[in-house]
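Quick note: the sequence shown uses our numbering, first residue -1, plus one each step.
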Amino acid sequence: MILIVPFIIVLYNGQYLWALILLFIAGVTDGLDGFLARQYGWYSWFGSVADPVADKLLLIASYVVLGLLDHIPIALTYLVVGRDAMIFLGATFYWLVVGQFEGRPTLLGKTCTFIMIMQGLLVLMSLALFPLPELLLQAGNVLVAILCVVSGGQYIYMGVTELKSVKTERR
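Right, dumping it as structure tokens:
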């Protein structure tokens, strides 16, 4: 989480290699943190919430800055931010109405996040190291857009279904 602000600064200032390095460090430390937590049973409620939130903030920040700098279509930025905002607002609404919430990412949702990360890395690599074929980058953008819409729809469906079942149980 501590790397989000420096990452945004170097990315916005066009220091793409440093942005790529910071993203790599964030990924390695996040993986190490997860490994140690599983290995030694170092679990906490705060960690279970803060870790995925930090990951999402870094991912969203990268898409916002890349979109503002016109390295990805701004419409893709809106889709990525909109999907995650919708998931967050839906989870918050569910928590307010039902009183408890257990986040259950779906395989489609995890796939979407993975592809979003890979696309962000490809764009950064293309800017920092060597230009990648434009067709590859455009295909990645299209894939991210499709997965955002489909997985977002899946989460909406799941949320509405779950709320209906809770409403039925309370009768």
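Using N, Cα and C, we set each Cβ at its ideal position, and we do this for glycine too.
For residue 65, same chain residues with a beta-carbon under 6 Å away, outside a window of 5 residues either side, are 72, 75 in chain order. Per DSSP, residue 155 is one residue of the alpha helix (DSSP H) stretching across 132 to 167. Within the region 72 to 127, no run of beta strand (DSSP E) at least 3 residues long lies entirely inside it. Measuring C-alpha to C-alpha distances from residue 98 to each of 36, 62, 164, 11 identifies 164 as the nearest. At the C-beta level, residue 80 and residue 149 stay beyond 7 Å of one another. Under the three-state reduction of DSSP output, residue 41 falls in the coil class, being neither helix nor strand.
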